[in-house]
Structures are given as C-alpha cells and as structure tokens.
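A.B. asks: Please read through the structure below; I'll follow up with questions.
Chains as they are written, first to last, in the working numbering: chain S, 1 to 96; chain Z, 1001 to 1490.
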C-alpha cells in the first residue's frame, strides 16, 4: 500500500491535525512503509477466529448503577482550561 | 547509600536507622546532580516531598507502620498527580496540573511512599528510546551516549542511577521491560487489569498496564502488593483478590528451590536477529535455572512473529481514538488566535503533538477509516486472537516462558530515529505479552560490552507470584541486579 500526498492530507484532516508543509513528505514515506509492514497480516490464516478486542477472554465489561457519584469540581477543572468566562469554556464562534 | 533496595530502606526506616527526611533529602540531591547528565525527571517535587517525609517521620515516631512508609519513589509522568504538572512527556499537556490522583498514586501514598518527582518518558508513552519526549531525551546511566529505552526511560534510568530505588511505569508494548533491560534493572508488567488504569493517561486501552521498575524482584513484589487490586473507577480492572506476593517468595535454603518448574524456551525468540553475545548470556541464565531445579524445553509459538505488525495496527487505532480528546478546549495546549473551531482543533493538535504521536494518530485514523477497517483493524484483531491462542496452548505444557527481553543492548542516541520500523522492532520480544494480556518481567542477567542485558519471563494470567519468585530465586544466586553504573559527573 503506497500513500500519496493527497492521502496524507485527507488522513490529517480526518484526524484534525494540521501538518507543516515540511512534514507531509515524511509522513507519505513513513506511513507507506508502516502499511507495507502491517500488510504482512493479510497472509495470516485466521479462519473463523473471532476478533479479539479484550485480552481477558470471558470477562464482560462491568456496568454500574446509574447513580450520581461525582461532586461539582467545575472551578477546579476549569483552572486548566485555556479560555473560560462565567464558568463556560470559550471557543471561536460556531453559529453566526 | 548503603541501602541497596526498597526492602532495605523500609526496614531501616522501621528500625529508625534513618529518617524519611534523610532518605528523601539524599534522593533529591542525587536527582539534582544527575539531571544535567541524565534528564530522568520532568518535575522534581522538592517541597512537597520534604513535607511528606517529615509527616512520615512523625507517623513512624507515633508507631504507625506502612509497607513503604517514608520511602522515596518516583512516578512516571503518565500518572495523574493532584496539584502537580502531569505532562505525559508532551507539549500538549505541558500546562496540565492534574486536579486528581491516579488510583495507583493514591494506593502508593496510602502505603506511605513519598513522591520525589515525575519521571521523563516518551511522549504519550509512544517510543522505545525516550527520544520522543517534549522534555528531551533521557540518557542511559551506563553510557550517556546511549538511550535508556522507552517509553518508561526516566523511571528505568532513575532506578539504575539509584536516584530512587523504585519507580512506577507503564507497559503497552514493552515500555517497562525494554527500558528495564537496557538499564540493568528489574521491571514487571502485571496482567492486564491487575493494576488500575484510572488516572493513567490512556494510549491503547486494551494493552496499557501499570507496573514498576525496581532494583530487585523482592522490591517489585513489595510495590505490586501496594498497587494491585480492584478499582471500580476502571471498568477493565479485575475483581480478584491480591495474593501476598512477598509471602510467595522462597526464603528457605534448599539447593533446588525451583524443582518442578517447567520453563518453555520461546523458539521464535532465538531464531534470528538476536545478538549472539546476548544469546550466550540468556543461555547461561537458563543453565542457572536448570541447576536450581527447573526443567527446560523448547516451545514454538508460530504466530508470534506477527505480533509487531498486529500491535502497529491495534495500538495506533486505539491511540487515535483516545487522543481525540485533546481538542484545545477544556485543557491542554491551545493554538493562538484560531480562525474558527476547525482551525482551533487542527492547529492545537498539530502544535501540541510531536511527530511520532502524529504518525501513530494518522496510522490509527487510516486503519479505522471506511474501506480499510476490515482489511487492517479487524484482521489485526483476529491475528491477536491467534497469538493469544498460541500462548494459551504453550501454557498447557509449561509454567513460564523465557527468552531475551530485547534483541540488542542499548543503542546510540539518534541511531534509530530516522526509520520508525527499525525503532518498532525493538519491541519484538515484548509485544506478545501485551497482546495476550499476560504478566511478564525483565531481570538483569549480565553485561555485553559493558551494557546490561535483560532476561524475560512471561507467565500465564495472574501468575505474577510465580514470576516474582523465580526472579527472586535467581537474584539470590546472582548480583547482576546490584551492579551500579559509574557515578556522574565523572
């Protein structure tokens, strides 16, 4: 699998990553070689095996009762935010 | 420091031969002296460490006890620590002061441990050489022109240089065992789900597991006992009692303490690519195991050579999803003067992440995208099943699998940064255990050209006690783990 510049630009857009002009050729090369490397998997005979999403077979994800457990930490959490006002997170205008 | 291990240190504190303030002061001084040479730390929490040490001394004076009461340790900077910078080695989080403690941090605090700082690491734990850190590379204490391994390179270098005698670490594809091997220290990756992932910044959630780097297996047993256990805050944490790992260590004087232990030699690990000098040291160590009573037999896991390509689909896929949360809105790096919301996302992420993290996010985005999901991601999950089944079959015949931890000793800084595949292949022997969720450790077993070599043991699920005991028995017979690098600056 060889990727080109357009592929990299499309993937970067899907991943919401702005790439510098100088980065693009590097990623064209390295992502192409990674895909060639993992392409080896195609040859593995996996028959009817089920895909493995969790390393401990038979352990189901636990559910917890839907109860309020957290207390309000808004001020504390917002102390890490880049821009807040009146307890709200600020972002550029989305709706005109 | 005459105290060689955490176990020695805890005993000396209990006997009041040293105070916690003395030990913490010494640790802080060593960190400070080492920092220009090794760069093992991102943050040193001096004031808080001294205050906590003074409190530990008051508790000791009042007759209180705790397995690690007053003992200085370091946390890998992937673990959230309340009120302290938690950077994960990234520019993205270079302004993030965590509002809470990871469960593992809470548990070690409850055991009495005193945090002296946050250890440097590869950015978001993605790397095998500690060269991807936003805070600069860590250097190997045995040879400062060489890498310490990664991603827990700061933790491994800190213990190797005896800045602290124990540090937390994480292992997604070898990030505890590989740096432990390259730095000549002991590292244990527990079974997936054994140690809570709450507050441990996620890289690949079906593979990530917290553990530790220490001088000895006995110290690893001591720390694991404090760290392991069910946590309702981690939905994949396993509800299962924690055995007394220290009580499981052989204390008697029998000549063949490992009689009956069946060791499988992983054929695929000795096939090719392994440095012959390392192979000779590994075979010497296996000879020692035979003398200690174990039996050896070769075991083949035919799908094991597929573990690196499997990992480089599964891990980037999970990483691209986990790292989607860094959007420049609620915390972390934000680009200046965004034109609109999309620009805010793209530039904040483009500036905040380093090149290896971006590479993995894009690889993951690609293998999960429409048209490629089945061919890459689903296929890799099936091969993962194949690898897990190979391990399960092997454990029907043997109790533990052994082989090298790494194909070579520590390599030169910059030697493998140009080609990502060359770098990824460093983890060729460690990734299998992560894919199957198995516990595995690395212990020092000698030196090649003056550089440490690690012996790896992989156990079946939740068999940490057996792994720790067989490492402990080996360490009673050898002193590789007690060797220390030359002091710096020299």
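The C-beta atom is built at its ideal place from N, Cα and C for all residues, glycine as well.
Please report whether the beta-carbon of residue 9 (chain S) lies at a distance below 8 Å from any beta-carbon of chain Z.
C.D. replies: Taking the first chain and counting its residues from 1, the one referred to as residue 9 (chain S) is at position 9. Answer no: the Cβ-Cβ gap between residue 9 (chain S) and chain Z never drops below 8 Å.
A.B. asks: Below 8 Å on the Cβ atoms is my contact criterion, and I expect residue 1097 (chain Z) with residue 1083 (chain Z) to pass it. Report the Cβ-Cβ distance as a whole number of Å.
C.D. replies: For the purposes of this step, residue 1097 (chain Z) is taken as residue 97 along the second chain, with counting starting at 1. For the purposes of this step, residue 1083 (chain Z) is taken as residue 83 along the second chain, with counting starting at 1. Contact flag correct, Cβ pair sits at about 6 Å.
A.B. asks: Taking beta-carbon pairs under 9 Å, can you tell me which members of the region 1124–1152 of chain Z lie near chain S?
C.D. replies: Flagged: no residues at all.
A.B. asks: What is the DSSP secondary structure of residue 1492 (chain Z), counted as helix, strand or coil?
C.D. replies: There is no way to answer for residue 1492 (chain Z), as the model of chain Z reaches only from 1001 to 1490.
A.B. asks: Are three or more beta carbon pairs between the region 1084–1095 of chain Z and the region 1376–1385 of chain Z nearer than 8 Å?
C.D. replies: Segments in contact, no.
A.B. asks: On the CB-based measure, 16 or more other CB atoms within 10 Å of its CB, does residue 1284 (chain Z) come out buried or exposed?
C.D. replies: Here residue 1284 (chain Z) refers to the residue found at position 284 of the second chain. Exposed.
A.B. asks: Taking residue 1308 (chain Z) as the reference, give the member of Z:1052, Z:1006, Z:1423, Z:1077 with the closest Cα.
C.D. replies: Position 308 of the second chain, counted from the start, is the residue given in the question as residue 1308 (chain Z). Of Z:1052, Z:1006, Z:1423, Z:1077, the residue nearest in Cα terms is Z:1423.
A.B. asks: Would the region 1137–1150 of chain Z and the region 1480–1489 of chain Z be scored as touching if the rule is three or more Cβ pairs under 8 Å?
C.D. replies: Yes, they touch.
A.B. asks: If you draw a straight line from the alpha carbon of residue 95 (chain S) to that of residue 1099 (chain Z), how long is it in whole angstroms?
C.D. replies: For the purposes of this step, residue 95 (chain S) is identified with residue 95 of the first chain, where counting begins at 1. For the purposes of this step, residue 1099 (chain Z) is identified with residue 99 of the second chain, where counting begins at 1. Spanning the two alpha carbons is a distance of roughly 32 Å.
A.B. asks: Fully enclosed by the region 1381–1430 of chain Z, which beta strand (DSSP E) runs are 3 residues long or longer?
C.D. replies: Fully enclosed beta strand (DSSP E) runs of 3 or longer: 1400–1404.
A.B. asks: Determine the DSSP secondary structure at residue 1035 (chain Z), reduced to helix, strand or coil.
C.D. replies: The count along the second chain starts at 1 and reaches residue 1035 (chain Z) at position 35. In this structure, residue 1035 (chain Z) counts as helix in the three-state DSSP scheme.
A.B. asks: Residue 1155 (chain Z): buried (16+ other C-beta within 10 angstroms of its C-beta) or exposed?
C.D. replies: Here residue 1155 (chain Z) corresponds to residue number 155 of the second chain, with the count starting at 1. Buried: at least 16 other Cβ atoms inside 10 Å.
A.B. asks: Using a cut-off of 7 Å between C-beta atoms, extract the partners of residue 1423 (chain Z) located in chain S.
C.D. replies: If you number the second chain from 1, residue 1423 (chain Z) lands on position 423. Within chain S, no residue comes near residue 1423 (chain Z); the closest Cβ sits about 11 Å away, beyond 7 Å.
A.B. asks: Determine, using beta carbons only, whether residue 1024 (chain Z) and residue 1067 (chain Z) come nearer to each other than 8 Å.
C.D. replies: Sequence index remark: in the second chain, residue 1024 (chain Z) carries index 24 (1-based). Sequence index remark: in the second chain, residue 1067 (chain Z) carries index 67 (1-based). No, these two residues do not count as a Cβ contact at 8 Å.
A.B. asks: Do three or more CB pairs link the region 1051–1067 of chain Z to the region 1282–1298 of chain Z at distances below 8 Å?
C.D. replies: Too few Cβ pairs lie closer than 8 Å, so no.
A.B. asks: By DSSP's criteria, residue 1295 (chain Z) is part of a beta bridge. Which residues make up the other side?
C.D. replies: As a first step, residue 1295 (chain Z) is located in the second chain; it is residue number 295 there, counting from the start. Answer is Z:1262, bridged to residue 1295 (chain Z).
A.B. asks: Thinking residue 1204 (chain Z) and residue 1314 (chain Z) are a contact (beta carbons under 8 Å), I'd like their distance in whole angstroms, please.
C.D. replies: One-based indexing of the second chain puts residue 1204 (chain Z) at position 204. One-based indexing of the second chain puts residue 1314 (chain Z) at position 314. Confirmed, about 7 Å.
A.B. asks: Consider the Cβ of residue 4 (chain S): report whether some Cβ of chain Z lies at a distance smaller than 8 Å.
C.D. replies: Position 4 of the first chain, counting from 1, holds the residue named residue 4 (chain S). No, residue 4 (chain S) lies away from the interface with chain Z (no Cβ there is under 8 Å from its Cβ).
A.B. asks: Taking beta-carbon pairs under 9 Å, can you tell me which members of the region 1326–1345 of chain Z lie near chain S?
C.D. replies: For the region 1326–1345 of chain Z, which is checked against every Cβ of chain S, the residues closer than 9 Å are 1327, 1328, 1329, 1330, 1331, 1332, 1333, 1334, 1335, 1338, 1339, 1340, 1341, 1342, 1343, 1344, 1345.
A.B. asks: Using a Cβ-Cβ cut-off of 8 Å, state whether residue 46 (chain S) counts as contacting chain Z.
C.D. replies: The residue given as residue 46 (chain S) occupies position 46 in the first chain. Judged by the 8 Å Cβ criterion, residue 46 (chain S) is in contact with chain Z.
A.B. asks: Taking beta-carbon pairs under 7 Å, can you tell me which members of the region 1078–1091 of chain Z lie near chain S?
C.D. replies: From the region 1078–1091 of chain Z, no residue has a Cβ closer than 7 Å to chain S.
A.B. asks: Exposed or buried, residue 1001 (chain Z), counting other C-beta atoms within 10 Å across all chains shown (16 or more means buried)?
C.D. replies: Counted from its first residue, the second chain places residue 1001 (chain Z) at position 1. The predicted position of residue 1001 (chain Z) is uncertain, since its pLDDT is 47 and thus under 50; a value taken from the coordinates is nonetheless stated next. Exposed, because fewer than 16 other Cβ atoms sit within 10 Å of the Cβ of residue 1001 (chain Z).
A.B. asks: Using a cut-off of 7 Å between C-beta atoms, extract the partners of residue 82 (chain S) located in chain Z.
C.D. replies: As a working mapping, residue 82 (chain S) is identified with position 82 in the first chain. Going along chain Z in sequence order, the residues near residue 82 (chain S) (Cβ under 7 Å) are 1328, 1334.
A.B. asks: Compute the Euclidean distance between the alpha carbons of residue 1232 (chain Z) and residue 77 (chain S), then round it to the nearest angstrom.
C.D. replies: In the second chain, residue 1232 (chain Z) corresponds to position 232, counting from 1. In the first chain, residue 77 (chain S) corresponds to position 77, counting from 1. Between residue 1232 (chain Z) and residue 77 (chain S), the C-alpha separation is close to 22 Å.
A.B. asks: Which value, in whole angstroms, describes the spacing of the CA atoms of residue 1224 (chain Z) and residue 1472 (chain Z)?
C.D. replies: Counting from 1 along the second chain, the entry for residue 1224 (chain Z) is found at position 224. Counting from 1 along the second chain, the entry for residue 1472 (chain Z) is found at position 472. Computed Cα separation, rounded: 14 Å.
A.B. asks: Give the interface partners of residue 91 (chain S) over in chain Z, defined as CB-CB distance under 7 Å, in chain order.
C.D. replies: The residue you call residue 91 (chain S) lines up with position 91 of the first chain. Correct list: 1329, 1341, 1344.
A.B. asks: Can you tell me whether DSSP reads residue 1337 (chain Z) as helix, strand or coil?
C.D. replies: For the purposes of this step, residue 1337 (chain Z) is taken as residue 337 along the second chain, with counting starting at 1. Correct three-state label for residue 1337 (chain Z): coil.
A.B. asks: Examine chain S for any beta-carbon lying closer than 8 Å to the beta-carbon of residue 1388 (chain Z), and answer yes or no.
C.D. replies: Reading the second chain from its first residue, position 388 is the one you call residue 1388 (chain Z). So yes, residue 1388 (chain Z) belongs to the interface.
A.B. asks: Let me know if residue 1358 (chain Z) comes out buried or exposed under the rule of 16 or more other beta-carbons within 10 Å of its beta-carbon.
C.D. replies: For this step, residue 1358 (chain Z) is matched to residue 358 along the second chain. Label assigned to residue 1358 (chain Z): buried.
A.B. asks: Could you tell me which uninterrupted alpha helix (DSSP H) segments, each at least 4 residues in length, are contained entirely in the region 1067–1117 of chain Z, listed from first to last along the chain?
C.D. replies: Listed in chain order, the complete alpha helix (DSSP H) runs (minimum 4 residues) inside the region 1067–1117 of chain Z are 1103–1110.
A.B. asks: Report the rounded CA-to-CA distance for residue 1302 (chain Z) versus residue 1268 (chain Z), giving the unit in angstroms.
C.D. replies: The count along the second chain starts at 1 and reaches residue 1302 (chain Z) at position 302. The count along the second chain starts at 1 and reaches residue 1268 (chain Z) at position 268. Rounded to whole angstroms, residue 1302 (chain Z) to residue 1268 (chain Z) spans 8 Å at the Cα level.
A.B. asks: Using 10 angstroms around the beta-carbon of residue 1490 (chain Z), count the other beta-carbons present and answer buried if the total reaches 16, otherwise exposed.
C.D. replies: Translated into the one-based positions of the second chain, residue 1490 (chain Z) becomes position 490. Caution is warranted here: a pLDDT of 43 is assigned to residue 1490 (chain Z), below 50, making its placement in the model unreliable, and no coordinate value can be reported.
A.B. asks: Note down, in chain order, all residues in the region 1093–1105 of chain Z with a beta-carbon under 8 Å from any beta-carbon belonging to chain S.
C.D. replies: So the close ones are 1095, 1096, 1097, 1099.
A.B. asks: With 16 other CB atoms within 10 Å as the buried threshold, where does residue 1129 (chain Z) fall?
C.D. replies: The count along the second chain starts at 1 and reaches residue 1129 (chain Z) at position 129. With 16 or more Cβ atoms within 10 Å of its Cβ, residue 1129 (chain Z) is classed as buried.
A.B. asks: Hey, residue 1200 (chain Z) and residue 1079 (chain Z) are a contact pair by Cβ (cut 8 Å); roughly how many whole angstroms apart?
C.D. replies: Taking the first residue of the second chain as position 1, residue 1200 (chain Z) is located at position 200. Taking the first residue of the second chain as position 1, residue 1079 (chain Z) is located at position 79. Contact flag correct, Cβ pair sits at about 6 Å.
A.B. asks: Using three-state DSSP, classify residue 47 (chain S) as helix, strand or coil.
C.D. replies: As a first step, residue 47 (chain S) is located in the first chain; it is residue number 47 there, counting from the start. In this structure, residue 47 (chain S) counts as coil in the three-state DSSP scheme.
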